[in-house]
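**Q** Dropping the structure in here first, questions after.
Numbering (my numbering), first residue to last: 348 to 666.
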């Protein structure tokens with residue numbers, strides 16, 4: 348198997364600096380993370396929408412299916428988070444990726460259990476706080492990302508360099524705008540130890556989402572996924588009836604609570620699980636416009652690694 352070694356791959360024990368994003372519904376089942384981990388990357392189970400019994404079963408299925416590392420992503424704002432943290436402590440996945448909350452509430456417990464802890468950050472200030480708390484590494488999410496980009500919408504290119512300068516001793520991976528091996532080469536050149544791919548794996552055969560959701564993402568151009576939900580927890584989503592209504596409310600200066608009511612009435616589940624791509628939230632990154640087909644996740648990992656080598660060899664040497 349091809350190996351691309353960085354400080355982060357050594358830390359995580361993976362062969363390739365390719366991380367599959369924890370995406371609610373898409374990776375809230377074992378098939379996608381298992382395929383990515385088997386291929387040498389880091390597969391990530393998305394615990395956000397999962398019931399405790401389903402999460403426990405999925406962790407055990409992934410562990411039984413590979414001896415390679417994998418991760419569980421947990422948004423700390425979710426209902427019943429303490430129960431989920433206790434479940435994860437009992438199951439001890441190799442890596443925990445936590446988001447949308449402070450690391451101090453879980454870090455000591457998971458380190459004592461031998462679990463590596465990565466924390467999702469949206470800027471250098473959050474990165475400094477997480478590093479000071481003692482996290483093992485960071486996930487830096489830029490504006491191009493689907494789901495929840497940073498509220499100030501700073502690009503991945505700038506954010507990666509800002510975090511690298513802010514916490515030079517802390518390994519990190521970057522997310523937002525990556526779809527192929529050329530993007531991976533760019534991520535490593537920025538100082539990251541890996542790139543995280545979300546939308547690219549959303550468009551995989553193992554992604555646990557409705558075909559209508561995948562078709563909508565596959566049809567998108569790079570300009571289609573737009574930020575929506577100012578002051579409400581911005582998401583990047585493909586235009587539909589939901590986004591058009593939100594943009595109208597924002598343009599009309601609607602009150603925050605009126606916008607919150609409309610924003611909350613549509614969910615990711617409606618699009619990703621139920622297939623309602625008109626009223627649901629079709630969350631996707633700008634890299635959707637770089638992807639032309641749905642492929643098996645393991646094949647995607649191997650292609651990214653091959654493309655990385657091509658990109659690396661094509662760079663001009665200094666003379």
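No residue lacks a Cβ here, since even glycine has one placed at the ideal position from N, Cα and C.
(1) I'd like to know whether the C-beta atoms of residue 412 and residue 391 end up nearer to each other than 8 angstroms.
(2) In whole angstroms, what separates the C-alpha of residue 584 from that of residue 619?
(3) Across the region 634-652 and the region 596-611, are there enough close Cβ pairs to call them in contact, namely three or more that are closer than 8 angstroms?
(4) For the region 420-468, which segments carrying the alpha helix (DSSP H) assignment without a break, of at least 4 residues, lie completely within its bounds, in sequence order?
(5) Output needed for residue 358: all residues of its chain with C-beta closer than 8 angstroms, excluding positions within five of it in sequence on either side, in chain order.
(6) Distance check for residue 601 and residue 458, CA to CA, integer angstroms please.
(7) Tell me where the alpha helix (DSSP H) around residue 512 begins and ends.
(8) Counting along the chain, where does the beta strand (DSSP E) carrying residue 544 start and finish?
(9) How would you write the range of the beta strand (DSSP E) that residue 528 sits in, first residue to last?
(10) What's the gap between the Cα of residue 480 and the Cα of residue 427?
(11) Alpha carbon to alpha carbon, how far is residue 400 from residue 436?
(12) Under the DSSP definition of a beta bridge, which residues are partnered with residue 470?
(13) My output table needs one value for residue 416: the three-state DSSP class, helix, strand or coil.
(14) So, using beta-carbon positions, are residue 442 and residue 471 closer together than 8 angstroms?
(15) Might you give, ordered along the chain, the residues of its own chain that have their beta carbon closer than 8 angstroms to the beta carbon of residue 548, omitting 5 neighbours on each side?
(16) According to the Cβ coordinates, are residue 394 and residue 431 closer than 8 angstroms?
(17) Measure from the alpha carbon of residue 546 to the alpha carbon of each residue in 522, 529, 537, then state which is nearest.
(18) Closer than 7 angstroms by C-beta to residue 550: which residues in its own chain qualify, once you throw out the five before and the five after it? Chain order, please.
(19) Using the beta-carbon count (16 or more within 10 Å), is residue 356 buried or exposed?
(20) Over the uninterrupted alpha helix (DSSP H) stretch that includes residue 648, give me the two end residues.
(21) Counting C-beta neighbours from all protein chains within 10 Å, is the total for residue 623 16 or more, i.e. buried, or is it exposed?
(22) Can you give the Cα-Cα distance for residue 655 and residue 498, rounded to whole angstroms?
(23) Let me confirm a value: residue 568 is counted as buried when at least 16 other C-beta atoms fall within 10 Å, else exposed. Which label applies?
(24) Of the choices 468, 478, 525, whose alpha-carbon is the least far from that of residue 491?
(25) Using 8 angstroms for Cβ pairs, my map puts residue 632 next to residue 572. What's the rounded Cβ distance?
(26) My assumption, with CB atoms under 8 angstroms, is that residue 581 sits in contact with residue 496. Please give the rounded CB distance.
(27) How many Å lie between residue 613 and residue 603 at the Cα?
(28) Rounding to the nearest angstrom, what Cα-Cα distance links residue 516 and residue 349 in this structure?
(29) I need the DSSP call for residue 359, collapsed to helix, strand or coil.
(30) Apart from the five residues just before and just after residue 605, which ones in its own chain have a Cβ nearer than 8 angstroms to its Cβ?
(31) Please name the residue in 504, 451, 398 whose C-alpha comes closest to that of residue 425.
(32) So residue 494 and residue 630 are in contact, right, with Cβ under 8 angstroms, and what is the actual spacing, rounded?
**A** In this structure, then:
(1) The Cβ atoms of residue 412 and residue 391 do not sit closer than 8 angstroms to each other.
(2) A straight line joining the alpha-carbon of residue 584 with that of residue 619 spans about 12 angstroms.
(3) no
(4) 428-438, 454-459
(5) 463, 483, 484, 518, 540
(6) Taking the straight line joining both Cα atoms gives about 46 angstroms.
(7) 503-513
(8) 541-544
(9) That residue, residue 528, is in no beta strand (DSSP E); its alpha helix (DSSP H) goes 528-536.
(10) So the alpha carbons of these two residues sit roughly 23 angstroms apart.
(11) 14 angstroms
(12) Answer is none; residue 470 lacks a bridge partner.
(13) coil
(14) no
(15) 367, 368, 370, 373, 374, 379, 383, 554, 644, 647
(16) Their beta carbons are under 8 angstroms apart, which means residue 394 touches residue 431 by this criterion.
(17) 522
(18) Closer than 7 angstroms at Cβ, skipping near neighbours: 561, 564, 565, 638, 641.
(19) buried
(20) 644-661
(21) buried
(22) 30 angstroms
(23) exposed
(24) Residue 525 is the option with its Cα nearest to residue 491.
(25) 6 angstroms
(26) 6 angstroms
(27) 16 angstroms
(28) Rounded to the nearest angstrom, the gap between the Cα atoms of residue 516 and residue 349 is 27 angstroms.
(29) helix
(30) 596
(31) Nearest of 504, 451, 398 to residue 425, Cα basis: 398.
(32) With a Cβ gap of about 5 angstroms, residue 494 and residue 630 count as contacting.
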